[in-house]
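Sequential numbering from 192 applies to the sequence shown in the working numbering. All C-beta atoms, glycine included, are put in the ideal place defined by N, C-alpha and C. Just so we're clear, the structure is a prediction, and the values are computed from it rather than from any experiment.
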Amino acid sequence: MKTNNRAPRVRGARALVAMLPNGRSVWLNLRPAPVPVREFDRIANAIRFKRFDRARRLDANAAATRRFSRRLTRDTARLSRMRLKKEHKLRNRILTGDEKIGRRVDSALIPVIREVETNRKKQKEILRKHQRRELWNQLVVLSAAPLMAAYGQRSNPIAENNLVLALSLAVWLFGDEAASLLSGKPGKKEDSIKGLDVWSYTAPLANLLTGWWLLSGRQHERFITGVTDLKNVTVQDFVYKKDRQRHLYAALSVEDLSPRIAPDHLQDFRTLQNVPAVATIQSVEFADESLDLAPVSLLETAVIYGHLRILVQMPSNLPALKKLQVAWMVDTQDPAAKPLSGKG
Numbered sequence: 192m193k194t195n196n197r198a199p200r201v202r203g204a205r206a207l208v209a210m211l212p213n214g215r216s217v218w219l220n221l222r223p224a225p226v227p228v229r230e231f232d233r234i235a236n237a238i239r240f241k242r243f244d245r246a247r248r249l250d251a252n253a254a255a256t257r258r259f260s261r262r263l264t265r266d267t268a269r270l271s272r273m274r275l276k277k278e279h280k281l282r283n284r285i286l287t288g289d290e291k292i293g294r295r296v297d298s299a300l301i302p303v304i305r306e307v308e309t310n311r312k313k314q315k316e317i318l319r320k321h322q323r324r325e326l327w328n329q330l331v332v333l334s335a336a337p338l339m340a341a342y343g344q345r346s347n348p349i350a351e352n353n354l355v356l357a358l359s360l361a362v363w364l365f366g367d368e369a370a371s372l373l374s375g376k377p378g379k380k381e382d383s384i385k386g387l388d389v390w391s392y393t394a395p396l397a398n399l400l401t402g403w404w405l406l407s408g409r410q411h412e413r414f415i416t417g418v419t420d421l422k423n424v425t426v427q428d429f430v431y432k433k434d435r436q437r438h439l440y441a442a443l444s445v446e447d448l449s450p451r452i453a454p455d456h457l458q459d460f461r462t463l464q465n466v467p468a469v470a471t472i473q474s475v476e477f478a479d480e481s482l483d484l485a486p487v488s489l490l491e492t493a494v495i496y497g498h499l500r501i502l503v504q505m506p507s508n509l510p511a512l513k514k515l516q517v518a519w520m521v522d523t524q525d526p527a528a529k530p531l532s533g534k535g
C-alpha cells in the first residue's frame with residue numbers, strides 16, 4: 192500500500208474576532224489562515240508517519256550496510272587469500288625457474304671455470320719453467336766465461352778457439368728449441384716443457400764439458416814458465432881466465448817440458464827448431480860467504496826435443512854452493528809461424 196507522505200492542505204478561516212481585555216472586539220485577517228485542530232492533527236500524524244518511515248528506512252539501510260560490510264569483509268579475505276595463494280605460486284614458480292636457470296648456468300659455467308683454472312695453473316707453471324729456463328740459460332752464458340778465460344784467443348775474435356766456444360754456447364742455449372722445430376713432431380706441450388727443463392739443467396755443465404773436451408788437448412798458453420832448482424846437475428870443466436890459469440865449472444840442467452805442454456801440441460813442439468827461451472838466476476846462496484868464488488851466471492839456454500837445457504857458470508868449489516834456482520820462460524809457438532793470437 193502506497194502511503195501519502197505529503198502534508199494535508201490547510202483549510203481555515205482567514206478572519207477572526209479578537210476579544211481585548213477592555214472588552215472590546217477586533218476583527219483580524221490572517222495570512223496564511225491558521226490551521227484547524229483537525230488539520231493540525233493530520234499534520235502531526237503525517238510527521239509521526241514520516242519519522243517512523245525514516246527510522247524504518249534507516250534500520251533497513253543499517254542492515255544493508257552490515258550485510259555489505261560482512262560481504263566486503265568476506266570478499267576482502269577471499270581476495271587476500273587468493274592474492275597470497277597466487278603470490279605463493281608465483282614465488283614458487285620464480286624460485287623453481289631461478290633454480291633451473293642456476294643449475295643450467297652452473298652446469299655450463301663450472302666446466303668453463305675449471306678449464307680457466309686449469310689453464311691458469313698451466314700458464315703459471317709454464318711461466319715458472321720459462322723463468323727457471325731463463326735462469327739456467329744465464330748460467331750457461333756464465334759457464335762460457337771460464338772457458339773463454341782458459342781457452343779463448345784475445346787478439347782475434349774469430350779465431351778457431353773463440354769460434355768453437357761460441358758454437359758450443361749456441362748449441363747448448365738454442366739446441367733444444369732447434370731440435371724441437373726440426374723434428375716437427377706435434378708432441379704435448381707439457382712433454383716439451385719437461386724436455387726443455389732437462390736440457391736447461393744439464394746445459395751449463397754440458398757446455399763446460401764440451402769446451403773442455405774440444406779444447407783441453409790444445410796449447411792455450413803461449414809462454415810457459417817455471418823455476419828449476421839446480422841440485423843433481425852434470426858438471427863440466429872449462430878454463431876461465433887463461434891469463435890467471437883458473438878453472439871454473441859449468442852446471443848443465445835439463446828440464447822436461449812435456450808436463451807443461453798440451454798433448455795435442457807436444458809432438459809438434461818436440462820438432463820445433465830454435466825455440467825462444469830465456470832464463471835468469473832467481474836466487475843463489477853459498478855455504479860460506481867469505482869464500483872468494485867466481486860469480487854465478489848463465490851461459491846458455493836452449494830447447495831441444497821438448498827439453499829445456501840450462502847451462503850455468505858455477506864456482507870450482509861445488510860444496511861451497513848451498514842453493515841455486517833459475518827462473519825460465521819458453522815460447523811454445525813455432526818460430527817460423529805467424530804471431531799467435533792467443534793468450535800470452
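Measure the C-alpha to C-alpha separation of residue i and residue j and round it to an integer number of angstroms.
i	j	result
residue 434	residue 460	Here the model assigns residue 434 a pLDDT of 47, short of 50, so the residue's position is not dependable, and the following value carries that caveat. Near 43 Å, if we compare the C-alpha coordinates of residue 460 and residue 434.
residue 470	residue 340	27 Å
residue 334	residue 392	13 Å
residue 537	residue 390	Coverage of the chain is limited to positions 192 through 535, which leaves residue 537 absent and any answer about it impossible.
residue 212	residue 206	19 Å
residue 227	residue 242	22 Å
residue 247	residue 232	22 Å
residue 192	residue 236	Its pLDDT being 46, under 50, residue 192 is placed unreliably in this model, and the value from its coordinates should be taken loosely. If you take the alpha carbons of residue 192 and residue 236, they lie about 17 Å apart.
residue 432	residue 503	Residue placement at residue 432 cannot be trusted, given a pLDDT of 49 that sits under 50; what the coordinates show is reported in the next sentence. Going from the Cα of residue 432 to the Cα of residue 503 covers about 17 Å.
residue 314	residue 276	54 Å
residue 298	residue 282	24 Å
residue 287	residue 312	36 Å
residue 356	residue 402	6 Å
residue 351	residue 449	24 Å
residue 217	residue 210	6 Å
residue 372	residue 353	27 Å
residue 253	residue 245	12 Å
residue 285	residue 294	14 Å
residue 289	residue 279	15 Å
residue 296	residue 325	42 Å
residue 302	residue 322	30 Å
residue 492	residue 419	12 Å
residue 230	residue 222	17 Å
residue 497	residue 368	47 Å
residue 358	residue 407	16 Å
residue 445	residue 462	17 Å
For residue i, tell me which candidate among the options has the shortest Cα-Cα distance.
i	options	result
residue 447	415, 473, 472 and 365	415
residue 526	259, 518, 468 and 233	468
residue 343	281, 412 and 300	412
residue 475	518, 254, 397 and 499	518
residue 452	444, 465, 308 and 499	499
residue 523	515, 472, 455 and 516	455
residue 327	306, 363 and 353	363
residue 494	218, 516, 286 and 465	465
residue 329	358, 395, 220 and 293	395
residue 487	513, 497 and 463	513
residue 338	310, 214 and 404	404
residue 400	266, 360, 369 and 366	360
residue 417	366, 501, 220 and 365	501
Taking the DSSP output, what are the residues bridged to residue i?
i	result
residue 218	208
residue 414	522
residue 230	BP columns for residue 230 are empty, so no partner.
residue 500	445 and 493
residue 476	514
I'd like to confirm something about residue i: is its beta-carbon nearer than 7 Å to some heavy atom of the ligand NAD, or not?
i	result
residue 475	With respect to the ligand NAD, the structure shown offers nothing to examine, as it has no ligands at all.
Which of helix, strand or coil does DSSP assign to residue i?
i	result
residue 329	helix
residue 175	Only positions 192 to 535 of the chain appear in this structure, which leaves residue 175 out of reach.
residue 444	strand
residue 438	With a pLDDT of 49 at residue 438, under the threshold of 50, the predicted position of this residue should be treated as unreliable, though the coordinate-derived value follows. Correct three-state label for residue 438: strand.
residue 517	strand
residue 362	helix
residue 452	coil
residue 368	helix
residue 419	strand
residue 336	helix
residue 238	helix
residue 343	coil
residue 464	coil
residue 350	coil
residue 527	coil
residue 296	helix
residue 487	coil
residue 395	helix
residue 252	helix
residue 310	helix
residue 213	coil
With a threshold of 8 Å, are at least 3 pairs of Cβ atoms found where one atom belongs to the region 311-323 and the other to the region 343-360?
no
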